[in-house]
Amino acid sequence: MATKEFILQGFTARTHKDAIRELFEVDDIKSVLVSVAYMSESGIEPLEDLFTKHAPLLTVFAGIRNDVTSYQGLMKIHGIAGSTLYAVDTGSRTVVFHPKLYLVRGAKEVRLVMGSANLTLGGLNNNIEAGMLFKFDLGEAEDLKVVAEIESQLLALPNDYVEHILLMDDPAKIEDLKINGRVTDELSVPPPRPSTSSGGKSGSDPVPRIKLKTTPMHRRLRAARPAKAPVAAVAAPAASAAPVVVPPAAAPATGVVLDLMWESKPLTERDLNIPTGTNTNKTGSINLDKGLLPEAEDHRPYFRAKVFDALNWTYRSPTVDEAWGQFQLVLKGVSHGVFDLVVRHTNSTTSKSYLQNNAMTRVSWGPMRDYVADPSLIGRTLALYRDKADPTQFVIEID
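Numbering (my numbering), first residue to last: 737 to 1135.
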């Protein structure tokens, strides 16, 4: 008789990632079957070694036309030589392919994880998810019957729904899905979609980020490409008027596409301009440091050369250039408007800070200070996005 284990990821330390890895502990693996609604490249990576080891036995069904499953995710599975990948297209955004299960069949035992976990970092580790881990004994008739039903019904889909269950056996087919908008491109992300807009201070929303019992996992961040050729700083005009705050605005219009330029590590009191210790100073700005950039990307020139290169940089001092940009602020899913903020970059490559690999670029919080100086934001992550069409427009999202 099958044994069962309930998994409540997040509220317990048990993760679906670990449970799925345990599926592969069965002896003499015969087949691996995966079905998910959503799939991303970063969701595959924690299991990639096991998928690769058993590639000829691996069959994956992944929903598309759902604004989540990505081109990169499909290409990741396709790149596992010998695996079989199906994209499930219902032909409608209101009908979602949603079964989520992971099944590994051994010679005498089958293990199955079934529940709410998709093949994404959130599903495998970061979200609050519920699922069941089953261990079936193939020597038991009832267990064998259940396993046979699962396998036969899923594996019959490609023949039963020829127009909707699409074999992804050629990269060109996956490319077509991206071109036609049926999968997302992880390099071009939609803007954050706040559920509401607020003209109030963030202090009116004191709810802290929930403390879960799992350790967050982060996706690999790709370094951005410059928006245009770098522009040398010019002398600042005399007595230039200080930029003013634009009244709070809603999220960018539908159709805006953003590039994710940088993600921070967990934010500190210093980052948010709310120091509490005697040795912590209010800097009024946030340092743009290594964060979650790829190891090979040098963060010191990165922001000036690749993130803010389209701004009009002016000379501030022999070692510092500055520029102004417009930044929308989204905190915990709520938009607080668009603000003019100053960005400063230290050019020196011989200073102590540079040689110690410290941040050379910083954004002054300015009029945002009253919004971000909120203890409930401590430990959250800041994501910096740039408008793909207008690289002088940015979004700061803290969540």
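Idealized CB from N, CA, C, for every residue including glycine.
Next on the checklist: Here's the rule: buried if 16 or more other CB atoms are within 10 angstroms of the residue's CB, otherwise exposed. What is Y807?
Outcome noted: buried
Item to check | Residues that DSSP places opposite K740 in a beta bridge | outcome: F870
Next on the checklist: Restricting to Cα atoms, I'd like to know which of V1108, L759 and A1095 is closest to K871.
Outcome noted: L759
Next on the checklist: Determine whether the beta carbon atoms of F1063 and V1078 lie at a separation below 8 Å.
Outcome noted: no
Checklist entry - Expressed to the nearest angstrom, what Euclidean distance is found between the alpha-carbon atoms of A977 and W1060? => result Confidence at A977 is low in this model, with a pLDDT of 41, below 50, so its placement is unreliable and no value can be given for it.
Checklist entry - Can the beta-carbon of A773 be found less than 8 Å from the beta-carbon of V832? => result Against a cut-off of 8 Å, the Cβ pair of V832 and A773 comes out as a contact.
Next on the checklist: I need the DSSP call for H954, collapsed to helix, strand or coil.
Outcome noted: Under the three-state reduction of DSSP output, H954 falls in the coil class, being neither helix nor strand.
Checklist entry - DSSP three-state call for A1059: helix, strand or coil? => result strand
Checklist entry - Which of the three DSSP states, helix, strand or coil, is assigned to N1093? => result coil
Item to check | Own chain residues within Cβ distance below 7 Å of R918, not counting five before or after | outcome: I800, R801 and D825
Item to check | DSSP bridge partner residues for E1133 (one or two, in chain order) | outcome: Answer is V1066 and A1119.
Checklist entry - T1004 and A749 look like a contact to me (Cβ under 8 Å); what is the Cβ gap, rounded to whole Å? => result With 8 Å as the limit, T1004 and A749 do not qualify as a contact, their Cβ atoms being about 25 Å apart.
Next on the checklist: Measuring straight from C-alpha to C-alpha, what distance separates K836 and T820?
Outcome noted: 17 Å
Next on the checklist: Measuring straight from C-alpha to C-alpha, what distance separates K909 and V768?
Outcome noted: CA-to-CA, the gap between K909 and V768 works out to about 23 Å.
Checklist entry - Are the beta-carbon atoms of D1057 and N1083 separated by less than 8 Å? => result Against a cut-off of 8 Å, the Cβ pair of N1083 and D1057 comes out as a contact.
Item to check | Nearest-angstrom Cβ-Cβ length linking H1072 and Y1107, presumed shorter than 8 Å | outcome: Yes, H1072 and Y1107 are in contact; Cβ-Cβ is about 5 Å, under 8 Å.
Checklist entry - Between which two residues does the beta strand (DSSP E) containing N724 stretch? => result Outside the shown range of the chain, which is 737 to 1135, sits residue 724, and nothing can be said about it.
Item to check | G809 - DSSP class collapsed to helix/strand/coil | outcome: helix
Next on the checklist: Taking 8 Å as the threshold (C-beta atoms), are L948 and L1113 in contact?
Outcome noted: no
Item to check | Host alpha helix (DSSP H) of D785 (start-end) | outcome: For D785, the uninterrupted alpha helix (DSSP H) segment begins and ends at E784 to K789.
Next on the checklist: I'd like to check one pair, L1065 with M1104: are the Cβ atoms closer than 8 Å?
Outcome noted: yes
Item to check | DSSP-derived helix/strand/coil call for A985 | outcome: For A985, the predicted structure reports a pLDDT of 43, less than 50, and the residue's modelled location is therefore unreliable. A value from the coordinates is still provided. DSSP places A985 in the coil class of the three-state scheme, outside both helix and strand.
Checklist entry - Near L874, what residues of its chain come up, given a Cβ to Cβ distance below 6 Å and the 5 sequence neighbours on each side ignored? => result K844 and L880
Checklist entry - Grouping DSSP H, G and I as helix and E and B as strand, with all else coil, what is E845? => result strand
Item to check | L1029 to E999 span [Cα, whole Å] | outcome: Cα to Cα, the separation comes out at about 7 Å.
Item to check | Range covered by the beta strand (DSSP E) that runs through D995 | outcome: Note, D995: beta strand (DSSP E), L994 to E999.
Next on the checklist: Here's the rule I'm using: 16 or more other beta-carbon atoms within 10 Å means buried, otherwise exposed. How should K740 be labelled?
Outcome noted: exposed
Checklist entry - How long is the line joining the alpha carbons of L839 and G1020, rounded to whole angstroms? => result Cα to Cα, the separation comes out at about 52 Å.
Next on the checklist: If I measure Cβ to Cβ from A823 and keep anything under 7 Å in the same chain, skipping five residues before and after, which residues do I get?
Outcome noted: Taken in chain order, the residues that qualify are A798, I800, L810, L902, M904 and L913.
Next on the checklist: Between which two residues does the alpha helix (DSSP H) holding V1108 run?
Outcome noted: V1108 -> alpha helix (DSSP H) spans R1105 to V1108.
Item to check | H752 burial status per 10 Å Cβ neighbour count (16 or more: buried) | outcome: So H752 ends up on the buried side.
Next on the checklist: Quick check: the segment 772 to 786 against the segment 884 to 897, are at least 3 beta-carbon pairs closer than 8 Å?
Outcome noted: Output reads no: the segment 772 to 786 does not touch the segment 884 to 897.
Item to check | Sheet register partners of Q745 (DSSP bridge) | outcome: DSSP lists T748 and E865 as partners of Q745.
Checklist entry - In chain order, what residues of the same chain have a beta carbon less than 7 Å from the beta carbon of G827, not counting five sequence neighbours either side? => result Excluding sequence positions up to five before and after G827, its CB lies within less than 7 Å of the CB of H900, all in the same chain and listed in chain order.
Item to check | Endpoints, the alpha helix (DSSP H) within which R1036 is located | outcome: H1035 to Y1038
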